[in-house]
């Protein structure tokens, strides 16, 4: 199981781990990776009302990273906003409009058919479209935008990804399943189901999930041939007002099976009591 979804979110919210950080004065009209003007992406700044949010910093590749032809991406960090999730939702709708032409994709570049859900405290949505710029040998590229937000901040990452946007992942139907199989449950339903589990089912402490935060991820992943949604669980530390990571789980689309990612990266089934 690849870890790209988690890595994308961490990359958006981390502070300048592998890139040179800088501020840019004045509002941005567009984000551009410097290879093709056709691949300009309308900037979040262009839809902001005065004082609605502040561009705090920009992470850009170093000259050495560019010279060594590493993956190129720019990340724009914003702070001082009243509701990051609502602002992310507004910006995502702009990107998915006819003028920008982005579609929702998952971490493996498969198109996602369900609408992005942003009514969560922290999350991320991946969008993509065919890039005008190609690889050195003329291969296809995706212009990818990841919009990530937390309770107090929002970040936009723009990058080129080699390859093309793939067809949506279709949940596999068991051979003995009747034709009128129920549709996959929405993210909000799965989050509510997870929050009502007994923590012992997940190997966690406590009598209920009130002290934990559940962050469902956009799109579906296959676990043992079963379509699942990745759910990251954090414990709220009231002493430091931070969230402590407690584990990654996978809830099947029909909410009948749960899998857990172990510390060594293995994915094992859990028993729902």
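In my numbering, the protein residues as written are 1441 to 1713.
The beta carbon of each residue, even a glycine, is placed where N, CA and C say it ideally should be.
{"Check": "By how many angstroms is the C-alpha of residue 1635 removed from the C-alpha of residue 1484?", "Outcome": "33 Å"}
{"Check": "How far does the alpha helix (DSSP H) with residue 1530 in it extend, from its first residue to its last?", "Outcome": "1524-1535"}
{"Check": "With a cut-off of 8 Å on the beta carbons, I'd call residue 1514 and residue 1473 a contact; round off their distance for me.", "Outcome": "6 Å"}
{"Check": "Would you call residue 1717 buried or exposed, if buried means 16 or more other Cβ atoms sit within 10 Å of its Cβ?", "Outcome": "Since the first residue shown for the chain is 1441 and the last is 1713, residue 1717 is missing from the structure and cannot be characterised."}
{"Check": "Using a Cβ-Cβ cut-off of 8 Å (strictly less than) and excluding sequence neighbours within five positions of residue 1591, which residues of its own chain qualify?", "Outcome": "1524, 1561 and 1562"}
{"Check": "Taking all protein chains shown into account, decide if residue 1664 is buried (16 or more other Cβ within 10 angstroms of its Cβ) or exposed.", "Outcome": "exposed"}
{"Check": "With DSSP run on the structure shown, which of helix, strand or coil describes residue 1487?", "Outcome": "helix"}
{"Check": "Using alpha carbons as the reference points, say which of 1694, 1643 and 1599 lies closest to residue 1708.", "Outcome": "1643"}
{"Check": "Comparing C-alpha positions only, which one of 1661, 1659, 1632 and 1666 sits nearest to residue 1673?", "Outcome": "1632"}
{"Check": "Is the number of C-beta pairs between the region 1683-1701 and the region 1571-1589 that are closer than 8 Å three or more?", "Outcome": "no"}
{"Check": "Please classify residue 1656: is it buried, with 16 or more other beta-carbons within 10 angstroms of its beta-carbon, or exposed?", "Outcome": "buried"}
{"Check": "Quick check on this structure: which residue in 1698, 1629 and 1710 has the alpha carbon closest to the alpha carbon of residue 1557?", "Outcome": "1629"}
{"Check": "How about residue 1544 and residue 1567: do their beta carbons lie closer than 8 Å?", "Outcome": "yes"}
{"Check": "Short check: CB of residue 1688 to CB of residue 1670, under 8 Å?", "Outcome": "yes"}
{"Check": "Note down, in chain order, each residue of its chain lying with its Cβ closer than 7 Å to the Cβ of residue 1478, except the 5 sequence neighbours on either side.", "Outcome": "1572"}
{"Check": "Under a Cβ-count criterion, where at least 16 other Cβ atoms within 10 Å of its own Cβ denotes burial, should residue 1584 be classed as buried or exposed?", "Outcome": "buried"}
{"Check": "How would you write the range of the alpha helix (DSSP H) that residue 1633 sits in, first residue to last?", "Outcome": "1627-1635"}
{"Check": "What's the call for residue 1521, buried or exposed, on a 16-neighbour Cβ count within 10 Å?", "Outcome": "buried"}
{"Check": "According to the Cβ coordinates, are residue 1668 and residue 1691 closer than 8 Å?", "Outcome": "yes"}
{"Check": "Alpha carbon to alpha carbon, how far is residue 1559 from residue 1702?", "Outcome": "28 Å"}
{"Check": "Would you report the Cα separation of residue 1600 and residue 1698, rounded to the nearest angstrom?", "Outcome": "34 Å"}
{"Check": "What is the DSSP secondary structure of residue 1560, counted as helix, strand or coil?", "Outcome": "coil"}
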